[in-house]
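Protein chains: 2
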Amino acid sequence: MCEANAYLVETDSKSGESNEILLMEAVDKVEPDEDGILLISIFGEQKFIKGHIHSLSLVDHKVYIKQ
Amino acid sequence: MCEANAYLVETDSKSGESNEILLMEAVDKVEPDEDGILLISIFGEQKFIKGHIHSLSLVDHKVYIKQ
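So the protein lines, in turn, are chains X and G. Following my numbering, the numbering of the first sequence begins with -10 at its first residue and continues without gaps. Following my numbering, the numbering of the second sequence begins with -10 at its first residue and continues without gaps.
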């Protein structure tokens, strides 16, 4: 199965370091709209996140979202 | 490996039917910016596509892009 984990990427304004906060595991569907992104897991769990897709790293099973 | 195929989704304005046009196989990285989306395959091939991410279906290994 090729589900991914979705992470929120936050950049510390002082240090410039990036943190990854796990939003949802086992994400199957990702559906962006104007206000944010709907994440749907392989179990049917849904989560709506304000933000946009920053990048995908599919071989690493990672979806990065930024606010 | 969990690379995906990237498709351009086109909707026929007359019939309303959607067509999927294969843009790139074996996509690893997807990096949206203001003007479009950079696709990078597992082989290092790069392709820049004007458009935005319409949706992802990760279990089906599909990235849908719309212009």
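Cβ coordinates follow ideal geometry from the N, Cα and C atoms, glycine included.
Self-check item: As assigned by DSSP and simplified to three states, the class of residue -8 of chain X
Solution: Reading the first sequence from its first residue, position 3 is the one you call residue -8 of chain X. Residue -8 of chain X: coil per DSSP, three-state reduction.
Quiz item: Among G/21, G/-3, G/56 and G/41, which one has its Cα closest to the Cα of residue 14 of chain G?
Solution: As a working mapping, residue 14 of chain G is identified with position 25 in the second sequence. Residue 14 of chain G has its Cα closest to that of G/-3, out of G/21, G/-3, G/56 and G/41.
Quiz item: Thinking just about the alpha-carbon of each residue, which of X/55, X/47 and X/54 is nearest to the one in residue 18 of chain G?
Solution: Against the second sequence, residue 18 of chain G aligns to sequence position 29. Cα-wise, what sits closest to residue 18 of chain G is X/47.
Practice problem: List the residues of chain G whose Cβ lies closer than 8 Å to the Cβ of residue 44 of chain X, in chain order. | Solution: Sequence index remark: in the first sequence, residue 44 of chain X carries index 55 (1-based). The answer, in chain order, is 18, 19, 20 and 21.
Quiz prompt | Helix, strand or coil at residue 7 of chain X according to DSSP, with G and I counted as helix | solution = For the purposes of this step, residue 7 of chain X is taken as the residue at position 18 of the first sequence. Reduced to three states, the DSSP call for residue 7 of chain X is strand.
Self-check item: Of the listed residues G/33, G/30, G/56 and G/49, nearest to residue 42 of chain G (C-alpha basis)
Solution: As a working note, residue 42 of chain G is residue 53 in the second sequence. Distance from the Cα of residue 42 of chain G is smallest, within the candidate group G/33, G/30, G/56 and G/49, for G/56.
Quiz item: For the putative contact between residue 57 of chain G and residue 10 of chain G, defined by C-beta atoms under 8 Å, what is the C-beta separation to the nearest angstrom?
Solution: Limits of chain G in this structure are -10 at one end and 56 at the other, which puts residue 57 of chain G out of reach.
Quiz prompt | residue 12 of chain G vs residue 51 of chain G beta-carbon contact at 8 Å | solution = As a working mapping, residue 12 of chain G is identified with position 23 in the second sequence. As a working mapping, residue 51 of chain G is identified with position 62 in the second sequence. Note that the C-beta distance between residue 12 of chain G and residue 51 of chain G is not below 8 Å.
Practice problem: Give the DSSP bridge partners of residue 30 of chain X, in chain order. | Solution: The residue you call residue 30 of chain X lines up with position 41 of the first sequence. Assignment of beta-bridge partners to residue 30 of chain X by DSSP yields X/16.
Exercise. For the beta strand (DSSP E) holding residue 43 of chain X, just list the boundary residues, first then last.
Key: Looking up residue 43 of chain X in the first sequence gives position 54. From DSSP, the beta strand (DSSP E) with residue 43 of chain X extends over 41 to 46.
Self-check item: Cβ-Cβ separation, residue 31 of chain X to residue -10 of chain X (assumed contact under 8 Å), whole Å
Solution: Residue -10 of chain X sits at position 1 when you count from the first residue of the first sequence. Residue 31 of chain X sits at position 42 when you count from the first residue of the first sequence. Yes, residue -10 of chain X and residue 31 of chain X are in contact; Cβ-Cβ is about 7 Å, under 8 Å.
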